[in-house]
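My numbering applies: residue 578 is where the sequence shown begins, and numbers increase by one.
Shown next, in structure tokens, is the structure this report addresses.
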Amino acid sequence: MIYRDQAYEAYNDSYITETVADRDVFIIAWGSDVKKYVIRKREIETLLFPYAHKIKCLEDPEGRSPRHPLLLSKDWKLVPYTFRYIKSN
Numbered sequence: 578m579i580y581r582d583q584a585y586e587a588y589n590d591s592y593i594t595e596t597v598a599d600r601d602v603f604i605i606a607w608g609s610d611v612k613k614y615v616i617r618k619r620e621i622e623t624l625l626f627p628y629a630h631k632i633k634c635l636e637d638p639e640g641r642s643p644r645h646p647l648l649l650s651k652d653w654k655l656v657p658y659t660f661r662y663i664k665s666n
């Protein structure tokens, strides 16, 4: 198991929160592999949930999202992000 440096993650978390608070749109681009980095994605979604109205992601023509822009195509579109790792109730 890989243990991440919690001090470093706290710094990242504060940077993410400050950045999303100061923007009109924030794009999630971590790819569509739902089984990878689940714990960290859950932590990030928890941070971002208060800003859900600003969160977007890339979607490919097959409806897969979020997509990573590595293979970006002109057919992809920017869509509202669907929170997958936390309960939105």
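Glycine included, C-beta positions come from ideal geometry on N, C-alpha and C.
Alpha carbons only, please: which of D637, P638, P646, I605 is nearest the one belonging to E622?
Per the Cα distances, I605.
Proximal residues to H645 (C-beta, below 6 Å), its chain only, five neighbours per side dropped:
Scanning its chain for C-beta atoms nearer than 6 Å, with the 5 sequence neighbours on each side dropped, one finds around H645 the residues A606, G608, in chain order.
Would you give the residue range spanned by the alpha helix (DSSP H) that V597 belongs to?
Counting along the chain, the unbroken alpha helix (DSSP H) around V597 starts and ends at 583-598.
According to DSSP, L655 sits in a beta bridge with which residue or residues?
Answer is L635, bridged to L655.
Check for me: the beta strand (DSSP E) holding I663 runs from which residue to which?
Per DSSP, I663 belongs to no beta strand (DSSP E) and is neither H nor E.
Mind checking whether P627 and L635 have CB atoms under 9 Å apart?
It is not a contact, given that the beta carbons lie outside the stated cut-off.
Extent of the continuous alpha helix (DSSP H) to which K618 belongs
Start and end: 615-625.
Quick one: what's got a C-beta closer than 8 Å to F603's C-beta in the same chain, skipping five residues either side?
Closer than 8 Å at Cβ, skipping near neighbours: T596, V597, L625, Y628, K631, I632, K633.
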